[in-house]
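Novice: Please find one structure pasted underneath; my questions will follow.
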Amino acid sequence: PELEARGHQIIVVTAATPFAVREAQKQRGRPFPFPVLTDLDPQSPLPAHREWGRYDAQRQLGLSGLFLIDRAGQVSFKNGVPAPVENAEAVLERIAAGAPP
Numbered sequence: 015p016e017l018e019a020r021g022h023q024i025i026v027v028t029a030a031t032p033f034a035v036r037e038a039q040k041q042r043g044r045p046f047p048f049p050v051l052t053d054l055d056p057q058s059p060l061p062a063h064r065e066w067g068r069y070d071a072q073r074q075l076g077l078s079g080l081f082l083i084d085r086a087g088q089v090s091f092k093n094g095v096p097a098p099v100e101n102a103e104a105v106l107e108r109i110a111a112g113a114p115p
């Protein structure tokens, strides 16, 4: 709620199935305070993770990453793919404190 009050929105994209997300929320005892989107496609595993450079093809799994997207939809790129922030925890702490990321 504090981040939303400052104009920020968090969205999670996961490789987990919708069923697994619902089960995690049950175990937590309440829903997540942000939307959780599932990156599943029977034709292409983890298409969003691939598009955003967060897919390990050798191990065939999605990688985590925090991306900052501005109101205009702009995101930083590195080597032709969207670039996650270097230190996600530090960026989230700055945002929570009301400082710019």
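In this note's numbering, the protein residues as written are 15 to 115. Where a beta carbon is used, it is the ideal one built from N, C-alpha and C, also for glycine.
1) With a threshold of 7 Å between beta carbons, is Arg20 in contact with chain C?
2) Would you kindly work out how many angstroms separate the C-alpha atoms of Pro47 and Phe33, rounded to a whole number?
3) Please state the DSSP three-state secondary structure of Leu17.
4) Round the Cβ separation of Ile25 and Pro49 to the nearest angstrom and send it over; I've been treating them as touching at under 8 Å.
5) Identify whether Leu82 lies in helix, strand or coil by the three-state DSSP scheme.
6) Bridge partners of Val27, per DSSP?
Specialist: Here's the rundown:
1) Going by chain labels, chain C is absent from the structure shown, which holds only one protein chain.
2) Those two C-alpha atoms are separated by around 17 Å.
3) Reduced to three states, the DSSP call for Leu17 is helix.
4) Distance from Ile25 to Pro49 at the Cβ level is roughly 5 Å; contact confirmed, criterion being Cβ atoms closer than 8 Å.
5) Three-state result, Leu82: coil.
6) The partner list for Val27 (beta bridge, DSSP) reads Leu51.
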